[in-house]
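Enquirer:
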Amino acid sequence: SPTVSMDELEHLAQNISKSHMETCQYLQEELQQSTWQTFLQDEVECYQSKPKEVMWQLCAVKITEAIQYVVEFAKRIDGFMELCQNDQIVLLKAGSLEVVFIRMCRAFDTQNNTVYFDGKYAGPEVFKVLGCDDLITSAYDFAKSMCSLHLSEDELALFSAFILLSSDRSWLQEKSKVEKLQQKTQLALQHMLQKHQRGEEILTKLICKVSTLRGLCSRHTETLSAFRAVYPDIVRAHFPPLYKELFG
Amino acid sequence: KEKHKILHQLLQNSTS
Chain A
338 SPTVSMDELE
348 HLAQNISKSH
358 METCQYLQEE
368 LQQSTWQTFL
378 QDEVECYQSK
388 PKEVMWQLCA
398 VKITEAIQYV
408 VEFAKRIDGF
418 MELCQNDQIV
428 LLKAGSLEVV
438 FIRMCRAFDT
448 QNNTVYFDGK
458 YAGPEVFKVL
468 GCDDLITSAY
478 DFAKSMCSLH
488 LSEDELALFS
498 AFILLSSDRS
508 WLQEKSKVEK
518 LQQKTQLALQ
528 HMLQKHQRGE
538 EILTKLICKV
548 STLRGLCSRH
558 TETLSAFRAV
568 YPDIVRAHFP
578 PLYKELFG
Chain B
44 KEKHKILHQL
54 LQNSTS
């Protein structure tokens, strides 16, 4: 592992936390104030009675909005913009949705298994018409398990950066440069967890999430291609261009 | 580059 001073780790942790807070889309206070606002039964039914393709499009728009914040987050991480453009794109293509899934736990209410979506808190039944119950259930389960770790915003920020800077993504041109950045981020995360007197097992649990996140994202890709096979024109004409670039 | 036009653009926009 690279030799990094404590000062450097502190500095990186501060930079990543600040970047996260500046780009987190919703402040914790906003989200907490809305938890009592869950969709009423007739509103749930309204989502359920939308045509499948309309609901898909709405979700694609929401995912794209969230991803734009993740792109901003990446740009503010020290060292990210110093990577070659190919690698910036490779990392965002592979990791931006993973960070959206991580961020989902901030907007998740474990008490009633709902997530902030389209202005209120929504249970998994809201997404029924999408026809991908497995993916939705897995995303909710993932958010729930992330919540059970009770990470602070700083820890969440560092974990998000650690995921974004994954050096094992295919097609990286300067793999070792990414590797060094990721290692430094991991050290900063470790340092932060120690400082917060969290047990060693938290880091192990977080590292285990890497494969869960990859599974979630590949399931999203599979679900999208199944949808696209039936509705190619809808995707072509109505899905956000950034979404198509990332997942096309 | 053409394939990731929007991502390129987002990366090039200065952070606000």
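Chains as they are written, first to last, in this note's numbering: chain A, 338 to 585; chain B, 44 to 59. For each residue, glycine too, the CB sits at the ideal point set by N, CA and C.
In chain order, what residues of the same chain have a beta carbon less than 7 angstroms from the beta carbon of GLN374 (chain A), not counting five sequence neighbours either side?
Expert: Closer than 7 angstroms at Cβ, skipping near neighbours: LYS457 and TYR458.
Enquirer: Is there a Cβ of chain B sitting closer than 8 angstroms to that of GLU511 (chain A), yes or no?
Expert: No, GLU511 (chain A) does not count as interfacial toward chain B.
Enquirer: State whether the segment 492-500 of chain A contacts the segment 519-531 of chain A, with contact taken as three or more CB pairs (one from each stretch) at a distance under 8 angstroms.
Expert: Yes, the segment 492-500 of chain A is in contact with the segment 519-531 of chain A.
Enquirer: I'd like to know whether the C-beta of GLU582 (chain A) is nearer than 8 angstroms to at least one C-beta of chain C.
Expert: Among the protein chains of the structure shown, namely A and B, there is no chain C.
Enquirer: Between CYS484 (chain A) and PHE445 (chain A), is the Cβ-Cβ spacing less than 8 angstroms?
Expert: Yes, the Cβ-Cβ distance between CYS484 (chain A) and PHE445 (chain A) is below 8 angstroms.
Enquirer: Name the residues in the segment 422-440 of chain A whose C-beta lies less than 8 angstroms from a C-beta of chain B; which are they?
Expert: If the cut-off is 8 angstroms between Cβ atoms, the segment 422-440 of chain A has GLN422, GLN425, ILE426, LEU429 and LYS430 near chain B.
Enquirer: Are the CB atoms of HIS357 (chain A) and GLU490 (chain A) nearer to each other than 8 angstroms?
Expert: Cβ distance < 8 angstroms, so HIS357 (chain A) and GLU490 (chain A) count as in contact.
Enquirer: With H, G and I counted as helix, E and B as strand and the rest as coil, what does DSSP make of LYS387 (chain A)?
Expert: In the structure shown, LYS387 (chain A) sits in coil (DSSP, three-state: anything other than H, G, I, E or B).
Enquirer: Hey, how far is the Cα of ASN56 (chain B) from the Cα of GLU516 (chain A)?
Expert: Distance between the alpha carbons of ASN56 (chain B) and GLU516 (chain A): 26 angstroms.
Enquirer: Quick check on the burial criterion: 16 or more other C-beta atoms within 10 angstroms. Buried or exposed for THR447 (chain A)?
Expert: Classification for THR447 (chain A): exposed.
Enquirer: Is it a yes or a no for the segment 347-356 of chain A touching the segment 401-418 of chain A, going by three-plus beta-carbon pairs under 8 angstroms?
Expert: Touching, yes.
Enquirer: On the DSSP bridge assignment, give the partners of TYR458 (chain A) in chain order.
Expert: In the DSSP output, where bridge partners are listed per residue, TYR458 (chain A) has A:THR375 and A:TYR453.
Enquirer: Decide if the segment 432-446 of chain A is in contact with the segment 542-557 of chain A; the criterion is three or more beta carbon pairs, one per stretch, under 8 angstroms apart.
Expert: The segment 432-446 of chain A, when compared against the segment 542-557 of chain A, does touch it at the 8 angstroms Cβ threshold.
Enquirer: Classify ASP446 (chain A) as helix, strand or coil using the three-state DSSP reduction.
Expert: If DSSP states are grouped into helix, strand and coil, ASP446 (chain A) belongs with the strands.
Enquirer: Looking at chain B, which residues of the segment 398-410 of chain A have a Cβ within less than 9 angstroms of any of its Cβ atoms?
Expert: The residues in question are GLN405, VAL408 and GLU409.
Enquirer: One question on the structure: do ALA403 (chain A) and ARG440 (chain A) come within less than 8 angstroms of each other, judged by their Cβ atoms?
Expert: Closer than 8 angstroms, so yes.
Enquirer: For ARG506 (chain A), which of helix, strand or coil comes out of DSSP?
Expert: Reduced to three states, the DSSP call for ARG506 (chain A) is coil.
Enquirer: Given that LEU579 (chain A) touches chain B, what residues does it touch there, using C-beta distances under 8 angstroms?
Expert: Near LEU579 (chain A) (Cβ distances below 8 angstroms), the residues of chain B are ILE49, LEU50 and LEU53.
Enquirer: Would you decide whether GLU538 (chain A) is buried or exposed? Buried here means 16 or more other CB atoms lie within 10 Å of its CB.
Expert: When all chains shown are included, GLU538 (chain A) counts as exposed.
Enquirer: Whole angstroms are fine: how far does the CA of CYS361 (chain A) sit from the CA of VAL452 (chain A)?
Expert: Rounded to whole angstroms, VAL452 (chain A) to CYS361 (chain A) spans 15 angstroms at the Cα level.
Enquirer: With a Cβ-Cβ cutoff of 8 angstroms, do GLY468 (chain A) and LYS389 (chain A) count as a contact?
Expert: Their beta carbons are under 8 angstroms apart, which means GLY468 (chain A) touches LYS389 (chain A) by this criterion.
Enquirer: Cα-Cα, which of A:LEU579, A:LYS512, A:GLN527 and A:ARG565 is closest to ASP424 (chain A)?
Expert: Residue A:LYS512 is the option with its Cα nearest to ASP424 (chain A).
Enquirer: How many whole angstroms separate the CB atoms of LEU54 (chain B) and GLN422 (chain A), which I take to be in contact at a CB cut-off of 8 angstroms?
Expert: At roughly 7 angstroms, the Cβ-Cβ gap stays under 8 angstroms, so LEU54 (chain B) and GLN422 (chain A) are in contact.
Enquirer: Have a look at PRO294 (chain A) and PHE576 (chain A) and give me their C-alpha separation to the nearest angstrom.
Expert: Lying before the first or after the last residue shown, residue 294 (chain A) is absent from chain A, which here runs from 338 to 585.
Enquirer: Taking the C-alpha atoms as reference points, what is the distance between GLU345 (chain A) and LEU518 (chain A)?
Expert: The straight-line gap from Cα to Cα measures roughly 12 angstroms.
Enquirer: Between the beta-carbon of VAL437 (chain A) and the beta-carbon of LYS387 (chain A), is there less than 8 angstroms?
Expert: Result no, Cβ atoms of VAL437 (chain A) and LYS387 (chain A) do not sit closer than 8 angstroms.
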